[in-house]
Structures are given as structure tokens and as C-alpha cells.
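In the numbering used here, each residue's number is its place in the sequence shown (first place is 1) plus 104.
All C-beta atoms in this analysis are idealised placements derived from N, C-alpha and C, irrespective of residue type, glycine included.
Okay, so here's the structure we're looking at.
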Amino acid sequence: MACLARSPWPVLMPIHPRTRACIAEWDLEISPWIRVLEPVSYSRMLALERGANAIATDSGGVQREAYMWGVPCLTLREETEWTDTVSTGWNTLVGVDPDAFQEAALRPSPGERPPIFGDGRAAPRIATIVADFLDRQATPEAANPDRLKAVPSSSFREMVA
Numbered sequence: 105m106a107c108l109a110r111s112p113w114p115v116l117m118p119i120h121p122r123t124r125a126c127i128a129e130w131d132l133e134i135s136p137w138i139r140v141l142e143p144v145s146y147s148r149m150l151a152l153e154r155g156a157n158a159i160a161t162d163s164g165g166v167q168r169e170a171y172m173w174g175v176p177c178l179t180l181r182e183e184t185e186w187t188d189t190v191s192t193g194w195n196t197l198v199g200v201d202p203d204a205f206q207e208a209a210l211r212p213s214p215g216e217r218p219p220i221f222g223d224g225r226a227a228p229r230i231a232t233i234v235a236d237f238l239d240r241q242a243t244p245e246a247a248n249p250d251r252l253k254a255v256p257s258s259s260f261r262e263m264v265a
């Protein structure tokens, strides 16, 4: 909470009920700068991430999502499984150090974001591979009349193009 209180921007914090209970149990102070939200759906979380100036998280998945959105990430851990996001400068491990958090939050975004998780074109490539496979499997109806009844006259490759 001390890190989030040092954010240069207002903080939106969707909070899990167990986290809310721990904050109350430990009597942690929530800065007025932090707006606590009820839990949000995955799609709403992605929308919040996409529109953020920066993302503070301890989640490995959110670190990766931040990189994919091109939003700097401040990881509230001492280590990460996504070391490439750190080496590219898009993710900074700040642990629970408020000074490190604030310094990282104020750092400008790196200019380049190499495609360390691919180029985003996996689905079309997979569709082409499947279509090629299915086209090779297709046999004339006379040889196997029940097999191709649901297959239109166009090839599978044309269907995914």
C-alpha cells in the first residue's frame, strides 16, 4: 500500500475479497490516491490495463499483459518469470520499496518493444496449417460418401482466407 501511495497518478485497484480482508486485519492505511474497486471481469481488467499509465502488480500474467499492451509494469516482487520484459525495460522489479516504486513510475517508457512473445499472427498461421491438413485429408465423395457431406465445395484453405 505504501508503494501505491507513491504513484504519480491516481490508482485504480480492483481488489480480491481476501486482499480486502487482509488490509482490514492488518489495519493498513489506504491512501486517498487509491480508489479501491470490487473485483472485475477479465475483459474489464484488460481494458483497465490497456488504458493505464503504468501497471503495478505481483501477477506474472499481468506482467505479460502489460508488455503486450505497451504499458510499463512495476512488479511488486523481487523476481519474475518474465525476465525478457525486464531486460527490455518495460518491467521493473521494485519489490515493496516505495522509493524504487516511485522512481520506476516516473521513468519514461522505453521506445522499442520487441516481439518477445511473438508477432500476434499465430492464429492465422495455425488456421492455414489446419486448412492445409484438412485439404490433404479430403477424398472424393464417391470414395467415402458420408465423410464430406458437411464440407462445402470450396477448399478449407479458401474458407480461412
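What are the start and end residues of each continuous alpha helix (DSSP H) run of 4 or more residues lying completely inside the stretch 147-192, in chain order?
-> 164-173, 187-191
Can you give the Cα-Cα distance for residue 221 and residue 116, rounded to whole angstroms?
-> So the two alpha carbons sit approximately 27 Å from each other.
Just grab the DSSP bridge partners of residue 196 for me.
-> 178
Is the shortest distance between the beta-carbon of residue 234 and the beta-carbons of chain D less than 7 Å?
-> Considering every chain present, this structure includes no chain D. It has just one protein chain.
So residue 138 is in the alpha helix (DSSP H); what residue range does that whole segment cover?
-> Element bounds for residue 138: not the alpha helix (DSSP H) but the beta strand (DSSP E), 138-141.
Under the rule that 16 or more other beta-carbon atoms within 10 Å means buried, what is residue 198, buried or exposed?
-> It is buried - the Cβ of residue 198 has at least 16 other Cβ atoms within 10 Å.
Taking DSSP as the reference, what is the three-state secondary structure of residue 116?
-> strand
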